[in-house]
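Inspection log for the structure reproduced underneath, given as structure tokens.
Chains as they are written, first to last, in our numbering: chain A, 32 to 171; chain B, 39 to 115.
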């Protein structure tokens, strides 16, 4: 079977302790690698508040991983997700370069904006040459 | 709100950025395209081009599934 590049995003129960979350992450990764998948980049987005409660829980731990695998593996992976109680949501998509390039571009843009902000603040602290005129209230 | 002024000269933000895809995990950006009630806004209000609106809608729906974006947004007030 041909292998494709996938990205799976999983939401774990956010109330779990770090050690438990690590175990879940390892389970996911090992399932992929031990069943013929090739793990690529991982993204620990971390804990976030859920916009709406899932199974009464209000926070989740978001984790994403990209990997190469057969479609059949993905099917089995998702079955495992369903059976695991502490996995609240999952989303597995076929990924192509377009999304990855877009994300890289977005990231770059965000970083450059941060640099500009930092530069602005630095300039204000040091002070510019032109003395600032403090606007006075106008009395009519 | 400025973003939703229908008379302003509108352009598709995604086209300006030459975006080939829309990131479904980028909730900070996507949330601007939802109404106060959490509904996906129409193109005439946001100025998005047809192609990106379709991609945007799918991305928003994925984001809703992952609880990063709302379905209904009484919580947003």
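Backbone N, C-alpha and C fix where the C-beta goes; we use that ideal spot for every residue, glycine too. Bear in mind that the values here come from a model prediction, so they are computed numbers and not experimental data.
- prompt: Secondary structure at residue 100(A), three-state DSSP: helix, strand or coil?
  reply: strand
query: Using the C-alpha atoms, what's the distance from residue 86(B) back to residue 61(A)?
result: C-alpha separation (whole angstroms): 41 Å.
message: Looking only at its chain, what residues have a beta carbon closer than 8 Å to the beta carbon of residue 50(B), apart from the 5 residues adjacent to it on each side?
response: 85, 86, 87, 90
field: Uninterrupted alpha helix (DSSP H) stretches inside the region 62-123 of chain A (no shorter than 4 residues)
entry: 102-114
query: If we ignore side chains and look at the alpha-carbon of each, how far apart do residue 103(B) and residue 75(A) end up?
result: 18 Å
Within 7 Å of chain A by C-beta, residues of the region 90-108 of chain B in sequence order: 100, 103, 104, 105, 106, 107, 108
message: I'd like to confirm the pairing. Which residues does DSSP put opposite residue 43(A) in its beta bridges?
response: 92(A), 118(A)
query: What is the DSSP secondary structure of residue 38(A), counted as helix, strand or coil?
result: strand
task: Indicate whether at least one CB of chain B lies closer than 8 Å to the CB of residue 39(A).
output: no
task: Assuming residue 90(A) and residue 32(A) form a contact by the criterion Cβ under 8 Å, report the distance between their Cβ atoms to the nearest whole angstrom.
output: No, residue 90(A) and residue 32(A) are not in contact; Cβ-Cβ is about 38 Å, not under 8 Å.
message: Residues of chain B with CB closer than 9 Å to the CB of residue 137(A), please, in chain order.
response: 55, 57, 61, 64, 67
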